[in-house]
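The first sequence begins at 1 in the UniProt record's numbering and counts up by one.
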Amino acid sequence: MAAKYREFQQLNLPSIETEILAKWTEHQAFEHSVSIREGATPFVFYEGPPSANGMPGIHHVISRTLKDLVCRYKTMQGYQVKRKGGWDTHGLPIELGVEKELGITKEDIGKTISVEEYNQKCREAVLRFKDKWDDLTNKMGYWVDLNDPYITFQNEYIETLWWLLKRLHEKGLLYKSVSIQPYSPAAGTGLSSHELNQPGTYKDVKDTSAVAMFKVIENSESQFLFDAANQTSTGSDQSSPEVFFLAWTTTPWTLPSNLGLTVGPNIDYVLVKTFNPYTHLPVNVVLAKSLLGKYFKPEGENGDFEGYTAETKLLPWEIIAECKGKTLEHCRYEQLLPYEANSAEKAGGDPFRVLCDTFVTTEDGTGIVHTAPAFGADDYKVGKKYGIGILTMVDREGKFVDGLGEFSNRYVKNYKDDANYVDVNIDISVKLKKENRAFKVEKYEHSYPHCWRTDKPVLYYPLDAWFIRTTAIKDRMVELNRTINWKPKATGEGRFGNWLENMVDWNLSRSRYWGTPLPIWRTADGAEEKCIGSIEELNSEIRKAGEVLGGEVNKNYLHNGILDLHKPYVDEVVLVSSKGEPMHREPDLIDVWFDSGAMPYAQWGLDQEKLKAGSDKPFNAPFDQNFPADFICEGVDQTRGWFYTLHALGALLFDSVAYKTVVSNGLVLDKNGNKMSKRLGNVVDPFRTIETYGADATRWYLITNASPWDSLKFDLEGIKEVQRKFFGTLYNTYQFFALYANVDGFAFREAYIPLSERPEIDRWILSSLNTLVKDVTVAFDDYEPTIAGRLVEDFVDEHLSNWYVRLCRRRFWKGDYSADKIAAYQTLYECLETITRLIAPVSPFFADWLFGNLNAVTGRYAETSVHHVLYPVADGTKMDPALEERMQLAQDASSLVLGLRKKVNIKVRQPLQRILIPVLNPAMREQLEKVADLVKSEVNVKEVQYLTDADGFIKKKIKPNFQALGKRLGGKMKAVSAAIAEFDQEAISKLEKEGSYSLEFDSEPLILQIHEVEITSEDIPGWMVSSKGALTVALDVTVTPELEQEGNARELVNRIQKIRKDNGYELTDRILVKLAEAGNLAESIRQFSSYIKAEVLADGLELVDTMGEEAMAIEVNEQSVKVWVEKATRS
RNA sequence: AGAUCCGUAGCUCAGCCUGGUUAGAGCACUACACUGAUAAUGUAGGGGUCAGCAGUUCAAAUCUGCUCGGGUCUACCA
């Protein structure tokens, strides 16, 4: 006896997964899936390293499912896909976590705790949840190499980063400069953007804002302003008129550092003649035209200048000139608040000019932006462009420097919680008012960032930082980006593309402790600097410095070299310059994004031989075959993170893309569309989800519910639905197969029956199957797993289960082990087996389980896992579009007839004589004839008749084919459409016969072609009719006595089958049946005796007069009858 | 504030690129049927201002613009 297909009580995905997981572990299925492809074309995948200092969430499951399915798919297509895991181990989140845990702040580090101890804590915290992560990886079926991951804090990793940095340094792409960064004077530290994004950082505050007046200097650039002012100058005012630029600020304390005024080149500005509302002196002011309304009332326009006094409420004003911002460029003005400390010389440039830039808006203020390069990123940028120098009149404690007269040494905000603090901003405003230099002073409410630690306002402050000159290759990065296949496309072109267009240099510096140290040593005067590119190089420099400088220098590192590349050790190292001066390390760490962006190189580490040989890619061996990546995938939040840094480093260092395809998946929200957060308590625990519903159902749900890049509303009900609908159906189909295949001992040992010898329906399902394979492959190749999954779902449900199996049920249990039966088994087996391979990438457990169950009996594959076999390839010779089309016709026809039966309430078991189908053309008839038998048995009718218009009793309906006709007719469409609607039967049949029809339209001839209309049959007078599209079906609902008797027989069969089942008989048991008191059923029984016997596997069917108590009373079509069923003894 | 994605039935989504006249599925709901796949299945029904407004067009869920709502990223700036 051959092995049996496994049969089950019910579907239990989690227990299947436990079983498969054990099998994978035992046979090292993952390792094997890679090693069997040794020598094959590699498909390169990069794993974006997660940070293991927090628990994994459900959102990690989606991106990892995507990664996994692509890798599995490519493996099954014959590529070798190595997947090296990795861990991101540096960075602020880790440090903040440790600070919180230890109850310390940044200031404590190096004081109450040594940097050495602190970094040790970070190192311990970093992989705290690694076990949990590994557990999830395992349970969700994510195949990735966890045994040999790259870890960013390891020396080998950091060493490679250093080499890369050195490379950038050599290319002149790594430089030190000032940048304007958020800075907290109260805490005495710069703030990262991460810190600035803490909740509650932005607060609405009321600040004193001032519109300051900058006095224009008369020269050739500004002459036109003065000319206009002079022309309208009135007799009472003999002195030469004064012209001012109006500029608004919410931070008057930045005014002593003012060096420029910025206007928008395309903004319209006006010169307005008016009076200063505080001093009442006549003035001429420049501001943006669209902002006039903020300062001047419409009633005051061209008002009474002569009669203006201090008491006049309404300010008269008049526009006396107009120009674009570009015209104002380079105009000069007098410094607003000159002191000894803020002279033009000290600024070190050519200040007090009007500048142009597009960042200027006219939404607030005056359209002229007061520009203090030290205190704003935009200001700094535009200031640098024009070379106006820089003044930093505030120190790091947040107070004015010496040499600013009455403002010297005053805090610009109340940083010290001083109860007697007097707001210097008010004092500055008052001074301006008195000096005829303020046009408007008022409180202004706006949102402003505050330090999350001290709650004090942040200010933007120039700090030293190291930069990578990404802007140097901006165009190349844009160009390379165009070659990357972005999914979705819009993210690459839009979000990422715009980001590249507006790129600024990459600020690498972080003033923290736990991270990759910048490998740059400098002399005190900064004249000489060294960038170290390897451990070997550092050690040799250490020894050199030890020799030259002598004494205690580097004494801890002279013998064994440096053992840990982190702080504080590297900071203890002193190097020596060519002139014998000591060099100290630049204290910064580098941005963690550099760590992860450099993983294509650093994951392999440096090859010391290649390094010595001076290779320009001195990385360990697999690098050459593993760069660039064919595919990466992470959340959209990585667009400016990992996607960017990978791209930037690939382009900067090797003039290459780092990845060819990138999939950015969307967020996972809760079922109400809210972001998941611990605070709201709506986080979904991935472990519980997987344990309850199974990883496969979860994966399938995540993939098929929405495109990966759309945000997903995660609902457990959806997983249940997938479980029931998809896996349940597929499982049922397998159970059905196994049930009968075990009875018949089918093990695919017979020769493959040629398609030409199989029935229509077999050829149809195999054709559909191959079409499915083709479409699924196209979808996967296009990184559209959602489409692929939905296609498989539709096939399994609609085609395989609800049509093929339903229609073929009898073939499996009826009759001998004939050729037809074998064909049915072979066909269904082929479908199931192919589906296991199709779904293997998405639902790896269930697929492997099903594949194993099938293959265990047939042994068609030598491989023990579906993940080791090849992905199905569509067989064109099995595809037959006409066949698929006519089967659709059959399904539609059946559905229509069943609908009609329902309407007249005649059950399907009651046979009916015939259906009529009007055929519009010979091709349609041919198609229908081929599937007529299927339709007949499906809807239980005896015959199908075809009606042609020759029979004369179809009424046809005509309507324009808008798509075809619209192109030709355009505007006449409406009228012609109305004319077509008026066609009578004669006109329609004329058009059909001749293929065209001419009509007169607007006294112009118009020839209507047959393909420009759609003709359908509308009605068959006197019949029950139903239609869908071009297909119309009529049903003969007459139940003749003969039909009724047959119906009775079938009903009886049905009842006896039920008894068999209730009695618990085996499918193959023979029975004996006795019936009594059958009334008007007796005739049916006699007439259909052999039919009944065959159907219920009865050796005998007897009509008797009476029966004992034990007989069962049943009802058949409202006629009661007594029946007795017993097992027949085998003869 | 800018960029970007999304908005179609009670819920989850197709359809939109390439405009075409009854806007589709599944779930849920209701009724009926089927009963040798049965903790399965089928049929039918109700349920839509395709977020809103304007435009282009003979024709708009589909193309364009604006507005509103939600998400994400970037920024917070005088």
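Think of the CB as a built atom: it goes at the ideal place given N, C-alpha and C, for glycine as much as any other residue. Since this is a predicted model, take the numbers as computed values, not measurements.
H450 (DSSP reduced to helix, strand or coil): strand
Cβ neighbour criterion (16 or more within 10 Å) applied to S767: buried
For I532, the nearest candidate out of K67, V504, V570 (CA to CA): V570
Residue nearest to A651 in terms of C-alpha spacing, selected from R476, H799, E721: R476
Burial state of G605 (16 or more Cβ within 10 Å): buried
Segment limits, alpha helix (DSSP H) that includes L755: Where L755 is concerned, there is no enclosing alpha helix (DSSP H), given that its DSSP letter is neither H nor E.
From I109, V144, E17, P14, residue whose alpha carbon lies closest to that of G31: The identity of residue 31 in the sequence shown is Glu, whereas the question assumes Gly. E31 has its Cα closest to that of V144, out of I109, V144, E17, P14.
Assigned exposure category for L1110 - 16 Cβ within 10 Å defines buried: Per the sequence shown, residue 1110 should be read as Glu rather than Leu. E1110 comes out exposed.
Whole-number beta carbon distance between T254 and F375, since they are thought to touch under 8 Å: 5 Å
Cβ-based burial, P252 [other Cβ within 10 Å; buried from 16]: buried
Cβ neighbours of F736 in the same chain (closer than 7 Å, five flanking residues each side left out): V805
In DSSP terms, what R510 is bridged to: L589
Rounded Cβ spacing between I58 and P686 (contact assumed at less than 8 Å): 5 Å
Straight-line Cα distance separating K1122 from V904: 30 Å
Straight-line gap, A212 to F352 (C-alpha atoms, nearest Å): 14 Å
Check: I690 C-beta below 7 Å from any heavy atom of the ligand NAD: For the ligand NAD, the structure offers nothing, since it holds no ligand at all.
Pairwise C-alpha distance: A874 and M1: Low confidence applies to M1: its pLDDT is 45, below 50, so where it sits in the model is not reliable, and the reading given next is rough at best. Cα to Cα, the separation comes out at about 35 Å.
Continuous beta strand (DSSP E) stretch holding K324: start and end: 318–324
Euclidean distance between Cα positions of V1013 and E793: 36 Å
Touching by the beta-carbon criterion (3+ pairs, under 8 Å), the region 512–522 and the region 567–585: yes
Test item: CB-CB of F129 and G54 under 8 Å: yes
Minimum C-alpha distance to N742 - residue among E528, E1066, F983: E1066
Cβ-Cβ distance between S63 and G635 below 8 Å: yes
Close beta carbons around K671, own chain, < 7 Å, minus the five adjacent residues each side: K713, F714, D715
DSSP-derived helix/strand/coil call for I428: helix
Whole alpha helix (DSSP H) elements within the region 461–538, 4-residue minimum: 474–481, 497–501
Alpha helix (DSSP H) segments (min. 4 residues) lying fully within the region 840–872: 844–858
When I319, T471, V976, S1084 are compared against Q231, the one with the closest alpha-carbon: I319
Per-residue DSSP class, three states only, for M1: Annotation note: pLDDT 45 at M1 (below 50); position unreliable, coordinate value reported separately. DSSP places M1 in coil when its eight states are reduced to three.
Exposed unless 16 or more other CB atoms sit within 10 angstroms - verdict on E887: In the sequence under discussion, the amino acid at residue 887 is Met, which differs from the Glu named in the question. Classification for M887: buried.
Alpha helix (DSSP H) segment containing T786, residue limits: 785–794
Terminal residues of the alpha helix (DSSP H) in which T75 lies: 58–76
Residue environment, Y701, which counts as buried when at least 16 other CB atoms sit within 10 Å: buried
Given S240 as reference, the closest of A247, D227, I839 once Cα atoms are compared: D227
Unbroken beta strand (DSSP E) run spanning N665, endpoints: 659–665
Same chain, Cβ closer than 8 Å to H446, neighbours up to 5 away in sequence not counted: D204, V205, D207, T250
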